[in-house]
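Enquirer: As numbered in the working numbering, residues 1 to 265 make up the sequence shown, in order.
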Amino acid sequence: MFTLALVQTDAYLGEKRRNLERLQTFCHTAKKEGAQLICFPELATTGYAPTLLGPEYHALSETRQGETNRMFSALATELGVIIVCGFIERDMQTDAVYNAAGVWLPGQESWLGVFRKMHLIQEEKRWFTPGQQLRVFDTPLGRIGGMICYDAGFPEVARSLTLKQADSLLLLSAWPEKDKDIWYINGPCRALENTIYLAAVNRWGREGDCQLFGGSQILNPRGQVMARATEHAEQILYHTIDKQVQSAIRHTLPYLADRQPENYR
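Now the structure itself:
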């Protein structure tokens, strides 16, 4: 059992240093409220808006030597928490740029790892390279699987992470208000069909003509909404994740045990 904090933030478009300072403050606030895992949205360090920010993505991208990794590594150790945050990653060998998220644990000098958005949408395809691997991370709070925004629309992603023995799933997004009906469908569906906790954190704020609406939510393994954030402001959303509840639900809803993959052709 652990306490999760989803930090529904706005962002200053392209102002990485300013955003990092704000994210640091949010971490201190969440820690004071008892959070053990703190999760920020997609591209929280820079803002999203590929139509506005796309040409700057490469300049804003970071490798393991970047300031985002240094700050969150130090902060995770200082506060004794796990931090997950979306940022623009650059591969040191290929120079490819990814819409990614890092996972930081206490007591480590660098991130535990990163996961990269696999399914790119619309203008993202001009600037980012798609991720090619679904990753699950071993942490002191269990095995955590990560998805980014549009990935949630593909049932195979959440199912693959679940079959890789993820104990819970995180979904980091910059989801627009015009598609919020889909947001409120995808989360419960992915949670229920995999009987797994799914914590979905969304950006809030306006970027050009796009309104990112918030509505972050934490779903239990029945797909029920256990906590939901406002659509009108920044907010930190807290909830307790209980693996015993998940085990009990999987006993009564044995979707995973009753799968017949040999017939799904």
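Glycine included, every Cβ here is placed at the ideal spot set by N, Cα and C.
Rounding to the nearest angstrom, what Cα-Cα distance links H28 and R259 in this structure?
Expert: Straight-line Cα distance between these residues: approximately 43 Å.
Enquirer: Give the range of the alpha helix (DSSP H) segment to which W183 is assigned.
Expert: Residues K180 to E193.
Enquirer: For the alpha helix (DSSP H) holding S73, just list the boundary residues, first then last.
Expert: That run of the alpha helix (DSSP H) goes E67 to L79.
Enquirer: Three or more C-beta pairs closer than 8 Å, one from the stretch 173 to 180 and one from the stretch 205 to 225: is that the case here?
Expert: Touching, yes, given that three or more Cβ pairs across the two stretches are closer than 8 Å.
Enquirer: If you run the structure through DSSP and keep just helix, strand and coil, what is Y57?
Expert: Y57 falls in the helix class under three-state DSSP.
Enquirer: Do you know offhand how far E15's Cα is from T45's?
Expert: About 8 Å.
Enquirer: Enumerate in chain order the residues of its own chain whose CB-to-CB distance from K32 is below 8 Å, with the five nearest sequence positions on each side excluded.
Expert: Contacts found: none.
Enquirer: Need the endpoints of the beta strand (DSSP E) that I249 sits in, please.
Expert: I249 -> not in any beta strand (DSSP E); alpha helix (DSSP H) instead, spanning K243 to T252.
Enquirer: Would you kindly check if the distance between the Cβ of V81 and the Cβ of L37 is under 8 Å?
Expert: Yes. Within cutoff.
Enquirer: How should V114 be labelled, buried or exposed, when 16 other C-beta atoms within 10 angstroms of its C-beta is the threshold for buried?
Expert: It is buried - the Cβ of V114 has at least 16 other Cβ atoms within 10 Å.
Enquirer: Is the stretch 192 to 207 touching the stretch 3 to 12 in the sense that three or more CB pairs, one from each, lie closer than 8 Å?
Expert: Yes, the stretch 3 to 12 is in contact with the stretch 192 to 207.
Enquirer: Using only the alpha-carbon positions, how far apart do N19 and T77 sit?
Expert: Each residue's Cα considered, the two are about 20 Å apart.
Enquirer: With DSSP as the reference, label R126 as helix, strand or coil.
Expert: DSSP places R126 in helix when its eight states are reduced to three.
Enquirer: Roughly how many angstroms separate the alpha carbons of N69 and Q133, rounded to a whole number?
Expert: For N69 and Q133, the distance between alpha carbons rounds to 21 Å.
Enquirer: What does the alpha-carbon distance come out to for the pair C149 and Y98?
Expert: Cα-Cα distance, rounded: 14 Å.
Enquirer: Do W127 and Y57 have their beta-carbon atoms positioned less than 8 Å apart in this structure?
Expert: It is a contact, given that the beta carbons lie within the stated cut-off.
Enquirer: Does the pairing of the stretch 224 to 236 with the stretch 245 to 255 give three or more beta-carbon distances under 8 Å?
Expert: They do not touch, by the three-pair rule.
Enquirer: Taking a contact to mean a Cβ-Cβ separation below 8 Å, would you say L172 touches V136 in this structure?
Expert: No, Cβ-Cβ distance for L172 and V136 is not below 8 Å.
Enquirer: Out of G142, P50 and M147, which one is the CA nearest neighbour of Q122?
Expert: Nearest C-alpha to Q122: P50.
Enquirer: So the candidates are E124, K125 and A100; which of them puts its Cα closest to the Cα of K117?
Expert: When only C-alpha atoms are compared, the closest one is A100.
Enquirer: Using only the alpha-carbon positions, how far apart do E42 and R265 sit?
Expert: Each residue's Cα considered, the two are about 34 Å apart.
Enquirer: Here's the rule I'm using: 16 or more other beta-carbon atoms within 10 Å means buried, otherwise exposed. How should D181 be labelled?
Expert: So D181 counts as exposed.
Enquirer: DSSP has T139 in a bridge; who is on the other side?
Expert: Answer is G142, bridged to T139.
Enquirer: Counting C-beta neighbours from all protein chains within 10 Å, is the total for E89 16 or more, i.e. buried, or is it exposed?
Expert: So E89 counts as buried.
Enquirer: I believe T240 touches T3 by the beta-carbon criterion, under 8 Å. Please report the beta-carbon distance rounded to the nearest angstrom.
Expert: Right, the Cβ-Cβ distance comes to about 6 Å (below 8 Å), so this counts as a contact.
Enquirer: Just the C-alpha distance for A5 and G131, rounded to the nearest angstrom, thanks.
Expert: Distance between the alpha carbons of A5 and G131 is about 26 Å.
Enquirer: Just how far apart, CA to CA, sit A30 and V84?
Expert: Distance between the alpha carbons of A30 and V84 is about 13 Å.
Enquirer: Closer than 6 Å by C-beta to R143: which residues in its own chain qualify, once you throw out the five before and the five after it? Chain order, please.
Expert: Within the same chain, R143 has close Cβ partners V136, Q165, A166 and D167.
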